[in-house]
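Undergrad:
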Amino acid sequence: MACIRHKKNGSYKIIVSCGYDLTGKKLTKSTTFTPDPYTKTGKLKADKTIEKEVTDFANRFEKMVSSGQYTAGHEMTLEVYAEKYLEEYAKENQAPRTLQSTRSALSAFVADFGYMTLETLTPLFLQGYFNDMAKQKSQTGSGTISHGTVKRKAAVLSAALSQAVRWNLLSSNPMERVQVKDRSTGTAPQPVKCFSQDQAEKFLQILDSPMLYSYASRSRTGKDGKVCHVSQYQSEHMASLQLRFFFYLAIFTGCRRGELIALKWSDLDLESGSVSISKSVCRVNGEMLIKSTKTNSSRLISIPQVVALIGRQWKREQAEYRLSIGSQWIGEENVFTRWNGQIMGLDTPYQAFHRIIEHYNATRQPDEIELPLIPLHGLRHTAATLLILNGVDVRTVSGRLGHANTSTTLNIYSHALEEFDRKASDVLEQVLTFKKA
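Take any residue in the sequence shown, count from 1 to its spot, add 244: that is its number in my numbering.
(1) What are the complete alpha helix (DSSP H) segments, minimum 4 residues, inside the segment 537-580?
(2) Does the structure place the segment 516-525 close enough to the segment 491-507 that three or more beta carbon pairs sit under 8 Å?
(3) Which residue from Ser274, Gly555, Leu620 and Val636 puts its Cα closest to that of Ser261?
(4) At the level of alpha carbons, what is the spacing between Asp280 and Val354?
(5) Who are the Cβ neighbours of Tyr477 in its own chain at under 6 Å, not counting the five residues just before and after it?
(6) So what does DSSP say about Ala681, is it helix, strand or coil?
(7) Could you spell out where the beta strand (DSSP E) holding Lys273 opens and where it closes?
(8) Could you compute how far the alpha carbon of Leu368 sits from the alpha carbon of Gly286?
(9) Please state whether the Cβ-Cβ distance between Ser749 and Thr653 is less than 8 Å.
(10) Take the Cβ of Met482 as the centre, count every other Cβ of all protein chains shown within 10 Å, and call the residue buried at 16 or more, exposed below.
(11) State the start and end residues of the unbroken alpha helix (DSSP H) segment that holds His727.
(12) Could you check where the alpha helix (DSSP H) with Gln371 kicks off and where it finishes?
(13) Three-state secondary structure (DSSP) at Thr431?
(14) List the DSSP bridge partners of Glu480.
(15) How far does the alpha helix (DSSP H) with Ile618 in it extend, from its first residue to its last?
(16) Could you say which of Phe597, Gln572, Tyr594 and Ala596 lies nearest to Gly585 if we only look at CA atoms?
(17) Based on the DSSP output, what are the partners of Leu533 in its beta bridges?
(18) Out of Asp300, Asn375, Glu295 and Leu451, which one is the CA nearest neighbour of Ala596?
(19) For Phe580, tell me which candidate among Asp511, Arg341 and Pro619 has the shortest Cα-Cα distance.
(20) Considering Gly392, what are the terminal residues of the alpha helix (DSSP H) in which it resides?
(21) Run the CB neighbour count on Ala681, radius 10 Å, all protein chains shown included, and call it buried at 16 or more, exposed below.
(22) If you run the structure through DSSP and keep just helix, strand and coil, what is Arg341?
(23) Please state whether DSSP places Thr388 in a helix, a strand or coil.
(24) My understanding is that Thr497 touches Arg644, with C-beta atoms under 8 Å, so please give their C-beta distance in whole angstroms.
(25) State whether the segment 327-346 contacts the segment 289-303, with contact taken as three or more CB pairs (one from each stretch) at a distance under 8 Å.
(26) So, under 8 Å CB-CB, Met377 and Ser402 are touching, yes? Tell me the CB distance rounded to an integer number of Å.
(27) Between which two residues does the beta strand (DSSP E) carrying Arg462 extend?
(28) Taking 7 Å as the limit between beta carbons, can you name the residues of its chain near Ala408, skipping five residues before and five after?
(29) With 16 as the cutoff for other CB atoms within 10 Å, does Ala494 come out buried or exposed?
(30) Rounded to whole angstroms, what is the Cα-Cα separation between Ser568 and Ile587?
(31) Can you tell me whether His647 is helix, strand or coil according to DSSP?
(32) Are Leu617 and Ile601 closer than 8 Å when you measure CB to CB?
(33) With distances taken from CA atoms, which of Glu332, Glu331, Tyr329 and Thr276 is nearest Glu319?
(34) In whole angstroms, what separates the C-alpha of His603 from that of Thr366?
(35) Rounded to whole angstroms, what's the CA-CA distance from Thr429 to His391? Just pull it up for me.
(36) Determine whether the beta carbon atoms of Tyr594 and Ile554 lie at a separation below 8 Å.
Here is the structure:
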């Protein structure tokens with residue numbers, strides 16, 4: 245039976261025995277209950293009424309303890325738990341960039357409701373919290389916080405509370421009953437942004453051809469202080485071998501930007517035509533870090549000889565340049581580098597990609613197709629979409645992309661699968677339908 249002790253401040257300490265440990269020490273669980281001394285009408289409660297409320301609470305508490313329903317989550321606040329979660333789990337299991345996002349999200353949760361115990365984080369409370377978040381102004385001041393941002397923050401809290409369940413701090417995860425709905429106009433989700441086959445062919449053609457650049461007239465001051473006038477002129481330039489190789493790999497392998505930038509020459513077999521993807525690059529607090537791939541797995545991807553040829557050309561050019569700068573070279577066999585051999589910055593290929601597309605669109609002939617200004621990640625989507633549209637099975641596409649499950653591929657590239665399904669329907673029509681002469 246629960247032991248009840250009356251405290252001076254009008255509260256009651258409830259103690260329940262849980263047996264003994266191996267050393268014979270008595271184990272107990274305790275909590276504090278403070279009854280409201282007034283009735284709903286504002287009158288003082290009778291002593292017997294308060295006594296009954298305390299007894300009823302003690303009986304409920306004892307039942308929860310004996311049935312295992314009372315967990316440490318009844319006493320541990322979110323603030324205390326967040327620190328333990330980061331130290332004992334997130335640091336050991338999350339990639340640096342993910343860990344940074346987790347820290348940021350948990351810091352906001354602690355500031356908002358870190359004083360609450362884990363067991364008081366009910367689905368109703370959390371639903372209201374994320375509903376309110378979806379209505380908040382974005383940091384730029386233009387509109388509300390995006391649905392994607394709200395969803396990512398909710399995922400962080402859900403992951404943290406799922407770990408609390410595994411640690412027996414909670415009996416269930418309240419976030420499993422919270423719905424983070426998109427408050428947009430209800431339009432169908434837009435397909436991924438990528439090149440069509442014609443656009444992809446044009447982009448590769450641009451990479452392999454010199455482009456004409458125009459330079460305005462200007463004045464220039466020499467080292468001797470004399471000012472000279474440079475007339476307007478035009479000059480042809482090709483994309484560097486390094487960038488050509490990067491973009492060719494992006495289209496022909498569908499690899500992520502960080503996976504390509506992380507490549508070492510030892511990861512490439514340019515004779516047989518293959519590339520091994522086992523790591524990636526991310527930026528955390530301004531520092532470039534090497535981490536495992538998104539799914540913590542490696543994969544071997546075949547590449548055609550046209551890509552391997554550009555790779556061999558770039559490797560020779562890089563080796564010659566490396567010799568020319570001598571001890572200034574400080575890289576370690578990086579395929580994609582800065583001027584001194586250090587690993588290439590994450591923004592470099594993105595900026596070059598958009599610069600090439602914008603220049604082409606501004607100078608193209610009227611009869612040439614226009615290229616959409618897709619994100620760099622669109623080259624990955626281009627690879628997957630073209631593979632599916634040309635009959636490659638989804639399992640193979642999923643393997644090349646490094647998806648953990650084929651369902652991920654199916655969800656992302658449903659637009660390509662719908663088009664492929666229409667083609668399949670047309671084929672059956674041609675095979676099974678007899679046309680009258």
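Glycine residues also receive a C-beta, built at the ideal position from the N, C-alpha and C atoms.
Because the structure is a prediction, the values reported are computed rather than measured.
TA: According to the structure shown:
(1) With a minimum length of 4 residues, the continuous alpha helix (DSSP H) runs that stay inside the segment 537-580 are 549-569.
(2) Short answer: they touch.
(3) One-based indexing of the sequence shown puts residue 261 at position 17. Looking only at Ser274, Gly555, Leu620 and Val636, the smallest Cα-Cα distance to Ser261 is reached by Ser274.
(4) Mapped onto the sequence shown, residue 280 falls at position 36. Mapped onto the sequence shown, residue 354 falls at position 110. Asp280 and Val354: Cα-Cα distance of roughly 29 Å.
(5) Mapped onto the sequence shown, residue 477 falls at position 233. Within the same chain, Tyr477 has close Cβ partners Tyr459.
(6) For the purposes of this step, residue 681 is taken as residue 437 along the sequence shown, with counting starting at 1. A caution first: Ala681 carries a pLDDT of 45, below 50, which makes its placement in the model unreliable, though a value can still be read off. Correct three-state label for Ala681: coil.
(7) To locate residue 273, count along the sequence shown from 1; it is residue 29. For Lys273, the uninterrupted beta strand (DSSP E) run begins and ends at Lys270 to Phe277, by DSSP.
(8) Your numbering for residue 368 matches position 124 in the sequence shown. Your numbering for residue 286 matches position 42 in the sequence shown. Distance between the alpha carbons of Leu368 and Gly286: 29 Å.
(9) Residue 749 cannot be examined here, being either before or after the span of the chain that is shown, 245 to 681.
(10) Stepping through the sequence shown from its first residue, residue 482 is reached at position 238. Burial call: exposed.
(11) Nothing in the structure corresponds to residue 727, since the chain is present only between 245 and 681.
(12) To locate residue 371, count along the sequence shown from 1; it is residue 127. Unbroken alpha helix (DSSP H) run through Gln371: Pro367 to Lys379.
(13) The residue given as residue 431 occupies position 187 in the sequence shown. Confidence at Thr431 is low in this model, with a pLDDT of 45, below 50, so its placement is unreliable and the value that follows should be read with caution. Reduced to three states, the DSSP call for Thr431 is coil.
(14) Here residue 480 is taken as the residue at index 236 of the sequence shown, counted from 1. As a beta-bridge residue in DSSP terms, Glu480 pairs with Leu456.
(15) Within the sequence shown, residue 618 is the residue found at index 374, counting from 1. If you look at Ile618, you'll find it isn't in any alpha helix (DSSP H); DSSP assigns it neither H nor E.
(16) Translated into the one-based positions of the sequence shown, residue 585 becomes position 341. Here the closest residue by C-alpha is Gln572.
(17) Here residue 533 corresponds to residue number 289 of the sequence shown, with the count starting at 1. Residue pairing from DSSP places Leu533 in a beta bridge opposite Cys526.
(18) Numbered from its first residue, the sequence shown carries residue 596 at position 352. Nearest C-alpha to Ala596: Leu451.
(19) Stepping through the sequence shown from its first residue, residue 580 is reached at position 336. When only C-alpha atoms are compared, the closest one is Asp511.
(20) Numbered from 1 along the sequence shown, position 148 holds the residue referred to as residue 392. His391 to Arg410 is the span of the alpha helix (DSSP H), which, as asked, contains Gly392.
(21) In the sequence shown, residue 681 corresponds to position 437, counting from 1. Residue placement at Ala681 is poorly supported in this model, since its pLDDT is 45, which falls under 50; the coordinates still yield a value, given next. When all chains shown are included, Ala681 counts as exposed.
(22) Position 97 of the sequence shown, counted from the start, is the residue given in the question as residue 341. Helix at Arg341.
(23) The sequence position of residue 388 within the sequence shown is 144, counting from 1. Note: Thr388 maps to strand in three-state DSSP.
(24) Here residue 497 refers to the residue found at position 253 when the sequence shown is read from its first residue. Here residue 644 refers to the residue found at position 400 when the sequence shown is read from its first residue. Contact holds; Cβ gap of about 7 Å.
(25) With fewer than three CB-CB distances shorter than 8 Å, the segment 327-346 does not count as touching the segment 289-303.
(26) The sequence position of residue 377 within the sequence shown is 133, counting from 1. The sequence position of residue 402 within the sequence shown is 158, counting from 1. Met377 to Ser402, Cβ: 14 Å. No contact.
(27) Taking the sequence shown and counting its residues from 1, the one referred to as residue 462 is at position 218. For Arg462, the enclosing beta strand (DSSP E) has its first and last residue at Arg462 to Thr465.
(28) For the purposes of this step, residue 408 is identified with residue 164 of the sequence shown, where counting begins at 1. Hits under 7 Å: Gly317, Tyr325, Leu362 and Leu414.
(29) For the purposes of this step, residue 494 is identified with residue 250 of the sequence shown, where counting begins at 1. Buried: at least 16 other Cβ atoms inside 10 Å.
(30) Looking up residue 568 in the sequence shown gives position 324. Looking up residue 587 in the sequence shown gives position 343. C-alpha of Ser568 to C-alpha of Ile587: approximately 18 Å in a straight line.
(31) By 1-based counting over the sequence shown, the position of residue 647 is 403. If DSSP states are grouped into helix, strand and coil, His647 belongs with coil.
(32) Counted from its first residue, the sequence shown places residue 617 at position 373. Counted from its first residue, the sequence shown places residue 601 at position 357. In contact: Leu617 and Ile601 (Cβ atoms closer than 8 Å).
(33) Start at 1 with the first residue of the sequence shown, and residue 319 comes out as number 75. For Glu319, the closest alpha carbon among the candidates Glu332, Glu331, Tyr329 and Thr276 is that of Thr276.
(34) Here residue 603 refers to the residue found at position 359 when the sequence shown is read from its first residue. Here residue 366 refers to the residue found at position 122 when the sequence shown is read from its first residue. Our two residues, His603 and Thr366, have alpha carbons roughly 54 Å apart in a direct line.
(35) Within the sequence shown, residue 429 is the residue found at index 185, counting from 1. Within the sequence shown, residue 391 is the residue found at index 147, counting from 1. Bear in mind that a pLDDT of 48 at Thr429, under 50, signals an unreliable position, so the model cannot answer this.
(36) If you number the sequence shown from 1, residue 594 lands on position 350. If you number the sequence shown from 1, residue 554 lands on position 310. Taking a C-beta distance under 8 Å as the contact criterion, Tyr594 and Ile554 do not qualify as a contact pair.
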